[in-house]
Amino acid sequence: MQSVCACIVTYNPEIALKSLVESLLLDFGSVCIVDNGSRVDLLGIVNIGLDGVHIIRLDANLGVAAGLNEAVQKAKALGFEWVCCFDQDSDYVEGSMSEYIRASLGQRDRVVGSGYEYPAAVKFSCSASSQSKSLFIPVRTVITSGSFFSVSLWELVGGFDDDLFIDSVDHDFCLKTYAAGGDVVRLKRNTIRHKVGFGQSFLGVPLHSPLRKYYIFRNVILMVKRHGLRFPYWSAKQIARLVFEFASLLCFEGEKTEKLKLATKGAWHGVKGVKGKYV
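Numbering (the UniProt record's numbering), first residue to last: 1 to 279.
As structure tokens, this is what we get:
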């Protein structure tokens, strides 16, 4: 898969990043890492001397969307026409995505997502069984980690929305792909093991920090306002997600006061159209 550049956005990564980069190099040959102003020594984790590793260090945390845009722009500058994105804490097994990427080369108006699973503590898997011989199933959106698309599609839809900062960044990109006449599919089997920086869950749904609650509530409302008319069913499910998040917050989660404060503020900012990094 030497025609594809693997892209990772990092923020205070752990030592596991080293094994991820080494695994990706074996399959892709080139890995572009954009670091969002980490406090940790990235160079102490990743060997910058490794052939094929390209590191961009930002002075501050500009968010996942901005980091992804920097990574794709770098891949383009290096001459790549395709990228495959990963989270810093994704577990990747060499060769696990080769088949679906080879099958997708040439589909320049398509986003292809990997099947994935969360740790056992979260008890969630995103795979599908089907009688069809196709490698993929059509979906509305896919998560960033394991997503594969062309640089030309990224340019067509205007890249990732920096103003979202984090959360719903991947959903927005996929919905913009549909709006531009493309499509989104997901691999039927799991190829990525995924973490989201938490240790607890409620009914299989991760419990997020107070600040993450702000972005979840704000950005879901922004997405519904932006895409609701074109994708009403998807939007209804997102509103249901907020109802569930709010119920979980009130009944089962710790830090209730701070989470309630930031979730409410996020919802209000979404209604008002406030975007960007929370300050």
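Glycine included, each C-beta is placed from N, C-alpha and C at the ideal position.
If you're wondering where the values come from, they're calculated on a predicted model, not measured in any experiment.
Check whether residue i and residue j have beta carbons under 8 Å apart
| i | j | result |
| --- | --- | --- |
| Ile56 | Lys76 | no |
| Val4 | Arg110 | no |
| Val93 | Phe149 | no |
| Gly182 | Leu153 | yes |
| Glu253 | Ile216 | no |
| Arg193 | Asp91 | yes |
| Ser147 | Val112 | yes |
| Asn69 | Phe160 | yes |
Simplified DSSP assignment, three categories, for residue i
| i | result |
| --- | --- |
| Arg57 | strand |
| Tyr278 | coil |
| Asn12 | coil |
| Arg140 | coil |
| Phe124 | Reliability of the predicted coordinates at Phe124 is poor, the pLDDT of 41 falling under 50, and the value obtained from them is presented with this limitation in mind. Correct three-state label for Phe124: coil. |
| Asp51 | coil |
| Lys133 | coil |
| Ile221 | helix |
| Val184 | strand |
| Val157 | coil |
| Val72 | helix |
| Ile216 | helix |
| Val4 | strand |
| Asp91 | strand |
| Arg108 | coil |
Proximal residues to residue i (C-beta, below 7 Å), its chain only, five neighbours per side dropped
| i | result |
| --- | --- |
| Val271 | Ile221 |
| His171 | Thr141 and Met223 |
| residue 289 | Shown here, the chain extends from 1 to 279; a query on residue 289 therefore has no answer. |
| Gly95 | Asp27 |
| Arg108 | Ser150, Ser152 and Leu153 |
Boundaries (first-last residue) of the beta strand (DSSP E) holding residue i
| i | result |
| --- | --- |
| Asn36 | Val31 to Asn36 |
| Ser235 | Premise fails: Ser235 lies in the alpha helix (DSSP H), Pro232 to Cys251, not in any beta strand (DSSP E). |
| Ser150 | Ser147 to Ser150 |
| Val83 | Trp82 to Asp87 |
Span of the alpha helix (DSSP H) around residue i
| i | result |
| --- | --- |
| Thr177 | Val169 to Ala179 |
| Leu62 | Looking at the DSSP string, Leu62 is not in any alpha helix (DSSP H), and its letter there is neither H nor E. |
| Arg102 | Ser98 to Ser104 |
| Gly270 | Lys256 to Lys272 |
Nearest to residue i (by Cα), restricted to the options the options
| i | options | result |
| --- | --- | --- |
| Ser134 | Leu164, Tyr100 and Asp167 | Tyr100 |
| Thr257 | Trp234, Pro210 and Arg218 | Pro210 |
| Tyr214 | Phe80, Val243, Lys259 and Cys174 | Lys259 |
| Asp59 | Val34, Asn69 and Glu81 | Val34 |
| Ile166 | Thr144, Val157 and Ala179 | Thr144 |
| Cys7 | Cys32, Lys18 and Leu207 | Cys32 |
| Glu255 | Leu164, His208 and Leu242 | His208 |
| Phe173 | Phe136, His227, Glu14 and Pro138 | His227 |
Beta-carbon contacts of residue i that lie in its chain and below 6 Å, excluding the five residues immediately before and after
| i | result |
| --- | --- |
| Leu156 | Ala180 |
| Leu42 | Asp35 |
| Ser30 | Cys5 and Gly52 |
| Gly197 | In this prediction, Gly197 scores a pLDDT of 47, lower than 50, which makes its location untrustworthy; no coordinate-derived value is stated. |
Same chain only: Cβ atoms within 8 Å of residue i, ignoring 5 sequence neighbours per side
| i | result |
| --- | --- |
| Val151 | Val72, Ala75, Lys76, Phe80, Glu81, Trp82 and Val83 |
| Asp163 | Ala65, Lys275 and Gly276 |
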